[in-house]
Amino acid sequence: MSDEVDLFVIGAGSGGVRAGRLAAATGAKVMVAEEYRAGGTCVIRGCVPKKLMVYASRFAEEFEDAAGFGWSVPDARFDWATLIANKDKEIARLEGLYAKNLAGAGAELVMDRAIVKDPHTVHLVKAKRDIPARTILVATGGTPWAPTPKELPGVEHVISSNEIFHLKEMPRRIVIAGGGYIAIEFACMLRGLGAEVTLVYRGDGILRGFDQDLRPLMSAEMAARGIRIVLNTVFERVDLKGTERHVRLKTGETLIADEVLMAVGRVPATKDLGLGAAGVALDKNGAVMVDDYGCTNVPSIWAVGDVTDRLNLTPVAIRDGVAFVETVFHDRPTAVDRMQVPTAVFGTPEIGTVGLNEEDARRVCEGVDIYKAEFRPMKATMSGRQTKMFMKLVVEQRTDRVVGCHILGESAAEMTQILGILVKMKARKADFDATVALHPSAAEELVLMRTKS
Ligand code: NDP
250 MSDEVDLFVI
260 GAGSGGVRAG
270 RLAAATGAKV
280 MVAEEYRAGG
290 TCVIRGCVPK
300 KLMVYASRFA
310 EEFEDAAGFG
320 WSVPDARFDW
330 ATLIANKDKE
340 IARLEGLYAK
350 NLAGAGAELV
360 MDRAIVKDPH
370 TVHLVKAKRD
380 IPARTILVAT
390 GGTPWAPTPK
400 ELPGVEHVIS
410 SNEIFHLKEM
420 PRRIVIAGGG
430 YIAIEFACML
440 RGLGAEVTLV
450 YRGDGILRGF
460 DQDLRPLMSA
470 EMAARGIRIV
480 LNTVFERVDL
490 KGTERHVRLK
500 TGETLIADEV
510 LMAVGRVPAT
520 KDLGLGAAGV
530 ALDKNGAVMV
540 DDYGCTNVPS
550 IWAVGDVTDR
560 LNLTPVAIRD
570 GVAFVETVFH
580 DRPTAVDRMQ
590 VPTAVFGTPE
600 IGTVGLNEED
610 ARRVCEGVDI
620 YKAEFRPMKA
630 TMSGRQTKMF
640 MKLVVEQRTD
650 RVVGCHILGE
660 SAAEMTQILG
670 ILVKMKARKA
680 DFDATVALHP
690 SAAEELVLMR
700 TKS
């Protein structure tokens, strides 16, 4: 029997596993290679462990807020080692499930580094084996970007989001570089767990690309919780002094911390993957260039998820995997719709957003109406917490369609998932208005906004 597989998937993350499973379910012979752990970034060192740690961090506020409701929580103490151990247990469980599901579908998972040798051959590095493949799917995801030692002397003393999930001790003081998803999420999480947090961002306001109203509000909420945000500067160098990291900023200020986290973006994981030799075109960031269906310029080589560097979110990678199998194994060419994808920043407070922000809407719509609500959440009236909730609807005048929703505050992510359906369905502002409020809730404000701002 030939060694040839119908599909060789490189990378057992969200996109690769979904594609591998679905392809194997058609009866195809599928091999999936993973060099680290089944589950990929999302499961092993991304979304899932992050969210578990975000839950942990939010108890601190709950304990504080409880006092106004008559509770006293005198001995609330946090133990990092317990959190990490329990998180690791859950991640190991999920990792096992990923492997089991692949096996259950009939795909073979090999724990090895795979390199593309030519358009129809993959080389397994540890096994020193060549595997002939009819189709190759690149699903290697992304990896944290860091400057070179020349660009940032002392860069070897900083960690990335890969390492932070496995620190033996919680850093008492941390400096975080960046103003995007990962920087904000870790800043809020570690602050909630009790760390002294300084965020250093090169621009003049965090979360570039998010709605202009949300950004300063999020900064203010973070500052109110004790996070120091230093804007308009970057690291000049990092020095290790004993166990301390001394971070010198371009402004001349030196920050002292136990750990330094660089969260300054991720890059597609295509290094030394053999794609260039196989003739696969990459963009200037190393992303695999694909057409609407995920096919590269080499007809037998396809790619899904973050390695294509389009919209780097787990559910999108999963959709890519499904679309790939539809296209290649069911002969139903399927392109993933990347519009109106809901997303959240799991800070405290949380941000949820779907559709266009006001700036983009003004660019692409003929006329835009804006509705905003900013209010003190009911719980804060008794807890005494100084916090605001913010909601914004962006409405296209001509069609009355709600083309963007932006929320800051508790449960923003949960609300945004549902709002995503409405935006996708092209719901009009009149539909929101016709909906009776659910009282008392924060979300009722979404159907009660009547005054254009
Ligand atoms: P982001 O692209 O969100 O943020 C990167 C940040 O680093 C930006 O603030 C950027 O600044 C800054 N930056 C980039 N280059 C430099 C530099 N040379 N010096 C200083 N600062 C720099 O990336 P993340 O790493 O936070 O996350 C990667 C991706 O992973 C996200 O874009 C998202 O797609 C995904 N993700 C999604 C999450 C979720 O859904 N909740 C959670 C975590 C990650 P500037 O804005 O000025 O360019």
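Using my numbering, you'd call the opening residue of the sequence shown number 250 and step up by one each time.
The beta carbon of each residue, even a glycine, is placed where N, CA and C say it ideally should be.
By the 10 Å Cβ neighbour count, where 16 or more other Cβ atoms means buried, how is E470 classified, buried or exposed? buried
Residue range of the alpha helix (DSSP H) that includes K678: 678-683
Within the present structure, is the beta-carbon of T557 separated from the nearest heavy atom of ligand 1 by less than 6 Å? no
Pull up the distance between the alpha-carbon of V374 and that of I364, whole angstroms please. Straight-line Cα distance between these residues: approximately 7 Å.
Quick one: residues in its chain with C-beta nearer than 7 Å to the C-beta of F312, no 5 flanking neighbours on either side, listed in chain order? V322, A325
Based on DSSP bridge pairs, tell me the residues matched to L657. I600, F639
Any chance the segment 402-416 sits against the segment 262-275, with 3 or more Cβ pairs inside 8 Å? no
Below 8 Å on the Cβ atoms is my guess for V483 versus V424; work out the distance and round it to an integer in Å. Not confirmed; about 12 Å, so no contact.
Against chain B, does V577 count as a neighbour if the rule is that its beta carbon must be under 7 Å from one of theirs? You won't find chain B in this structure, because it holds only one protein chain.
Alpha carbon to alpha carbon, how far is G295 from R270? Cα to Cα, G295 sits roughly 22 Å from R270.
In this structure, how does DSSP classify L442 when only helix, strand and coil are distinguished? In this structure, L442 counts as coil in the three-state DSSP scheme.
For a test of your reading of the model: does the CB of T592 fall under 6 Å from any non-hydrogen atom of ligand 1? Yes or no. yes
Can you give me the Cβ contacts of A341 inside the same chain, cut-off strictly under 6 Å, excluding the 5 residues immediately before and after it? Excluding residues within five positions, none has a Cβ falling inside 6 Å.
Please tell me whether A676 and A593 are closer than 7 Å, where the distance is taken between their beta carbons. no
Just grab the DSSP bridge partners of D618 for me. V644
Rounded distance between the beta-carbons of A530 and P626, thought under 8 Å: Their Cβ separation, rounded to whole angstroms, is 50 Å, which puts P626 and A530 out of contact at 8 Å.
From G669, I293, S306, L448, residue whose alpha carbon lies closest to that of V603: G669
Where does W320 sit, in a helix, a strand or coil, going by DSSP? In the structure shown, W320 sits in coil (DSSP, three-state: anything other than H, G, I, E or B).
At a cut-off of 6 Å, is A512 close to ligand 1 when judged by its beta-carbon and the heavy atoms of the ligand? True, at least one ligand heavy atom lies under 6 Å from that Cβ.
According to DSSP, G391 sits in a beta bridge with which residue or residues? P517
Below 6 Å CB to CB, which residues in the same chain sit around G353 once its five sequence neighbours on both sides are set aside? none
Are the beta-carbon atoms of A388 and V574 separated by less than 7 Å? no
Shortest alpha-carbon distance to Y285 belongs to which of R362, Y304, E645? Nearest option by C-alpha distance: R362.
Which value, in whole angstroms, describes the spacing of the CA atoms of D328 and A536? 40 Å
Does DSSP put R383 in a helix, in a strand, or in coil? Correct three-state label for R383: strand.
Determine whether the beta carbon atoms of V652 and A683 lie at a separation below 7 Å. no
Tell me which residues share the same chain as L671 and place their Cβ nearer than 7 Å to its Cβ, disregarding the 5 neighbours each side in the sequence. Beyond the five residues adjoining it in sequence on each side, L671 comes within less than 7 Å, by CB distance, of V651 in the same chain, given in chain order.
Decide if the segment 452-468 is in contact with the segment 540-548; the criterion is three or more beta carbon pairs, one per stretch, under 8 Å apart. no
Should T492 go down as buried or exposed, given a rule of 16 or more other Cβ atoms within 10 Å for buried? With fewer than 16 Cβ atoms within 10 Å of its Cβ, T492 is classed as exposed.
On the criterion of 16 or more Cβ atoms from any shown chain inside 10 Å, does D558 qualify as buried, or is it exposed? buried
Which of helix, strand or coil does DSSP assign to M664? helix
Alpha carbon of D541 to alpha carbon of M419, nearest angstrom: 44 Å
Expressed to the nearest angstrom, what Euclidean distance is found between the alpha-carbon atoms of G289 and V617? 40 Å
Would you identify the three-state DSSP class for L233, choosing helix, strand or coil? Outside the shown range of the chain, which is 250 to 702, sits residue 233, and nothing can be said about it.
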